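Residue numbering for the sequence shown is -22 to -1, 1 to 300, as defined by mature numbering (1 follows the signal peptide of the UniProt record, and there is no 0).
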Amino acid sequence: MTARAGTLVAALVLLSASPTRAAEPCKIPLVAEAKIEHKGSIYVQASIRGESVPMVVHTSSAVTSISKTTAQKFGLELSRETRYSLHGTHGELEAYNVTVPDFVIGNGRFPELRAMVIEGRDSGAAGSSVGAIGTDLLGAFDLEFDVQGGRFVLHEKTRCAHAPPWPADFITVQLLPLLSGRVQFSVKIDGRTLNAELDSGANRSFLTSVGARKLGITRDSPGIERASGRADADGQPQESYAYRFQSFELESETVRYPRLFIRDVLTKLYPQTYQGGQVKARSEEPPDLYLGADWLRAHRVYIGRATDEMHFTYLSGPIFEK
């Protein structure tokens, strides 16, 4: 079968004949467990002051944020003495601190959660969320995603967690030790090593245009196709293209003839230091590839912060959205 013939066939998933066997698990203390749903992005049922609110679990967002409408609904006061001026893909945005009282994820309570209200970004994906839980909260815990089982778990950081808390075979990926709490690792596409990041706020996995160029692919390349635009967790429309590659490899998991989307991404912004009531943001080059909610939907995943390891087990279904 040639790569072109592969366009007529669903991508095949090949797993190593001998993935890691689950070792005797160490004790991994549970902090909170909540129900999650895959509705494009990954949503968790949280609550503010006892009222249920859907929020995106966003492993690529530096900060937890809520919409201005939500802040007004719960009578939350914006701290306008501290103004964030963010310059990013969609231009300049203004943001303010807010303290969210009695914030709950499943059975875990966070009594005084610090979040941001970003002006001009008043809803989540498809307008159905009230905000996003970012790495300022998620980075303090080991994370477990079981999308097919409808479970999202926060665990205490555990140094002995060199295996996930389930008995099935699994694959381990070494993570980059990033202070920002983002989840980055190496993948291979058509045999070329690229830097990837787990982005649970993205509807679907995608290559950045920079990553695609490293593989010799541009929007003018033969075989490139225009893909339908779609909004992600920030509610912004995204123009994208698609291309069918020969292979995708994450350790011993291989996907043959994956059709991957390609999008422009400029910078990720992380607030750093206060200056005169403003915060200067440090921009970082984005990774070459973002693994989104489509990849998470097909796997059970454990992210170990103390070990800098990610363990995953393939469950069922397509790995990448077509």
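Where a beta carbon is used, it is the ideal one built from N, C-alpha and C, also for glycine.
Since we're looking at a predicted model, the values are computed, not measured.
Top-ranked residue by Cα proximity to residue i, from the options
| i | options | result |
| --- | --- | --- |
| Lys135 | Ser294, Ile281, Pro296 | Ile281 |
| Met33 | Ser19, Arg27, Arg278 | Ser19 |
| Thr37 | Asn75, Val161, Val243, Lys300 | Val161 |
| Arg170 | Val151, Lys192, Val188 | Lys192 |
| Ala284 | Gly117, Ala24, Gly295 | Gly117 |
| Ala10 | Val131, Ile26, Thr77 | Val131 |
| Ile26 | Lys51, Ile14, Cys4 | Lys51 |
| Gly84 | Tyr21, Pro264, Glu72 | Tyr21 |
| Phe223 | Ala190, Ala205, Val35, Val243 | Ala190 |
| Thr175 | Gly28, Tyr292, Leu274 | With the sequence shown as reference, residue 175 is identified as Glu, and Thr is not the correct amino acid for it. Ranking the options by Cα distance to Glu175, first place goes to Leu274. |
| Gly28 | Ala205, Val151, Gly86 | Gly86 |
| Thr296 | Leu238, Val243, Pro264 | For the sequence presented, residue 296 should be read as Pro rather than Thr. Checked all of Leu238, Val243, Pro264; the closest Cα to Pro296 is Leu238. |
| Ile111 | Lys46, Gln23, Leu153, Thr47 | Gln23 |
| Ser39 | Thr291, Pro264, Phe298 | Pro264 |
| Val243 | Leu121, Tyr292, Val279, Phe184 | Phe184 |
| Lys46 | Phe119, Glu72, Tyr292 | Glu72 |
| Leu115 | Arg137, Val78, Thr291 | Val78 |
For residue i, the residue or residues it bridges with in DSSP
| i | result |
| --- | --- |
| Ala146 | In DSSP, Ala146 forms no bridge with anything. |
| Ile281 | Leu121, Met288 |
| Ser43 | Met94, Ala110 |
| Phe226 | Ile167, Val233 |
| His140 | According to DSSP, which records beta bridges pairwise, His140 is partnered with nothing at all. |
| Val9 | None; Val9 has no bridge partner. |
| Arg75 | In the sequence as displayed, the identity of residue 75 is Asn instead of Arg. Answer is Ser57, Met94. |
| Lys17 | Ser19 |
Check whether residue i and residue j have beta carbons under 7 Å apart
| i | j | result |
| --- | --- | --- |
| His289 | Phe148 | yes |
| Asp286 | Pro89 | no |
| Glu227 | Lys300 | no |
| Gly109 | Ser158 | no |
| Leu8 | His133 | yes |
| Arg241 | Ser218 | yes |
| Val76 | Leu54 | yes |
| Gly127 | Lys13 | no |
| Ile6 | Pro143 | yes |
Residue i versus residue j: straight-line alpha-carbon distance, rounded
| i | j | result |
| --- | --- | --- |
| residue 347 | Ile195 | With the chain running from -22 to 300 in the structure shown, residue 347 is simply not present. |
| Asp198 | Ala220 | 11 Å |
| Val41 | Thr113 | 6 Å |
| Ser261 | Val82 | With a pLDDT of 44 at Ser261, under the threshold of 50, the modelled position of that residue is not reliable, and the figure given next carries that caveat. Their backbone Cα atoms lie some 31 Å apart in a straight line. |
| Arg234 | Asp168 | 10 Å |
| Ala141 | Gly201 | 41 Å |
| Ala93 | Glu231 | 37 Å |
| Asp272 | Asp80 | 31 Å |
| Ser294 | Ala276 | 5 Å |
| Glu15 | Val125 | 7 Å |
| Ser164 | Ala205 | 26 Å |
| Cys4 | Ile96 | 41 Å |
| residue 304 | Pro236 | It is not possible to answer for residue 304, since the shown part of the chain is limited to -22 through 300. |
| Ala49 | Tyr74 | 11 Å |
*asked:* Count Cβ pairs between the stretch 168 to 187 and the stretch 264 to 271 that sit closer than 8 Å; are there 3 or more?
replied: yes
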